[in-house]
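Residue numbers (the working numbering), protein chains in the order written: chain R, 1 to 114; chain P, 115 to 225. A virtual CB, placed ideally from N, CA and C, is assigned to each residue, including glycine. From a predicted model like this one, the values you see are computed outputs, not experimental measurements.
Here it is as structure tokens:
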């Protein structure tokens with residue numbers, strides 16, 4: 001099966017600029033996640049979708065981050081405006097369901113904010 | 115929220131020796147216990163998982179043991195090889211809440 005696709009792989013922007021990331025999950029996976037992984041740390045959940053509904057976005061900085069999953073398939077994550085501390089790898093993952101199913105991660109987008 | 119701790123944070127072993135990484139969680143309602151491996155510059159990948167109704171699971175050189183009473187589960191790697199060098203994350207699941215990842219254990223296998 002095809003894996004989770006993410007783009008772009010790398011992005012460099014200046015602070016206060018905007019950026020968007022795209023994710024295409026594995027076909028048939030109802031659950032989609034966005035994680036932020038800062039260098040040397042474990043992935044931190046930003047938002048979880050079940051189909052096109054939000055299950056958990058408690059750790060999403062909503063003043064600057066937004067995410068959507070239209071039609072319950074692809075998803076986009078946006079940052080506007082970016083801060084220096086947003087420099088990280090943004091990982092998209094999908095799973096068959098939210099319980100007992102392993103996460104399948106994409107290769108991530110490495111964001112550098114200067 | 116769930117509090118997840120991993121020990122040790124770094125671990126160096128000689129090739130062929132065993133490695134054990136422990137993950138402690140705070141919520142007794144946790145019911146799914148996966149371990150992920152992340153090689154340098156790559157994405158995390160599941161290597162083994164266990165459900166709360168099972169005490170131990172083994173897959174070749176890798177095993178996971180669960181102690182629900184003490185609220186911890188451990189990753190065991192036997193006959194370590196250089197390709198086992200990576201960062202390992204535990205990520206216990208509670209009900210329908212999302213996985214909470216530990217801070218990771220950096221394993222170095224010295225040839």
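With 16 other Cβ atoms within 10 Å as the buried cut-off, status of residue i
i: residue 122 of chain P; result: exposed
i: residue 184 of chain P; result: exposed
i: residue 201 of chain P; result: buried
i: residue 113 of chain R; result: buried
i: residue 163 of chain P; result: buried
i: residue 212 of chain P; result: buried
i: residue 126 of chain P; result: exposed
i: residue 35 of chain R; result: buried
i: residue 53 of chain R; result: exposed
i: residue 38 of chain R; result: exposed
i: residue 155 of chain P; result: exposed
i: residue 169 of chain P; result: exposed
i: residue 10 of chain R; result: exposed
i: residue 6 of chain R; result: buried
i: residue 157 of chain P; result: buried
i: residue 8 of chain R; result: exposed
i: residue 124 of chain P; result: exposed
i: residue 32 of chain R; result: buried
Neighbouring residues, chain P, relative to residue i (Cβ below 7 Å)
i: residue 91 of chain R; result: 157
Beta-carbon neighbours of residue i, restricted to chain P and to distances below 9 Å
i: residue 33 of chain R; result: 212, 213
i: residue 107 of chain R; result: 156, 157
Partners in chain R for residue i, counting only beta-carbon separations shorter than 8 Å
i: residue 165 of chain P; result: 100
i: residue 228 of chain P; result: A query on residue 228 of chain P cannot be resolved here, the shown segment of chain P reaching from 115 to 225 and no further.
Cross-chain neighbours of residue i in chain R, by beta carbon under 7 Å
i: residue 217 of chain P; result: 41, 42
i: residue 148 of chain P; result: 102
Per-residue contacts from residue i into chain R (C-beta, under 9 Å)
i: residue 207 of chain P; result: 98, 99, 100
i: residue 221 of chain P; result: Per Cβ cutoff of 9 Å: no residues; residue 221 of chain P is ~15 Å from chain R at best.
Quick one: complete beta strand (DSSP E) runs, 3+ long, within the segment 52–99 of chain R? Counting whole runs of 3 or more residues, the segment 52–99 of chain R contains the beta strand (DSSP E) stretches 53–56, 65–68, 75–79, 88–95.
Please confirm if the segment 141–151 of chain P is in contact with the segment 79–98 of chain R, defined as three or more CB-CB distances below 8 Å between the two stretches. No contact exists between the segment 141–151 of chain P and the segment 79–98 of chain R.
Please list the segments of the alpha helix (DSSP H) lying wholly inside the segment 131–179 of chain P, counting only runs of 4 or more residues, in order along the chain. For the segment 131–179 of chain P, there is no continuous alpha helix (DSSP H) assignment of 4+ residues that stays within its boundaries.
With a threshold of 8 Å, are at least 3 pairs of Cβ atoms found where one atom belongs to the segment 125–137 of chain P and the other to the segment 184–199 of chain P? By the C-beta criterion, the segment 125–137 of chain P is judged to be in contact with the segment 184–199 of chain P, since at least 3 inter-stretch pairs fall below 8 Å.
Counting only Cβ-Cβ distances shorter than 8 Å, please list the residues of the segment 46–80 of chain R near chain P, keeping chain order. Listed in sequence order: 48, 55, 56.
Tell me which residues of the segment 176–204 of chain P have at least one Cβ-Cβ distance to chain R shorter than 8 Å, keeping chain order. Residues 203.
Taking one C-beta from the segment 165–173 of chain P and one from the segment 142–156 of chain P each time, how about it: are there three or more such pairs within less than 8 Å? Yes, the segment 165–173 of chain P touches the segment 142–156 of chain P.
Sufficient close CB pairs (3 or more, under 8 Å) joining the segment 17–34 of chain R to the segment 70–86 of chain R: Flag = yes, the segment 17–34 of chain R and the segment 70–86 of chain R touch.
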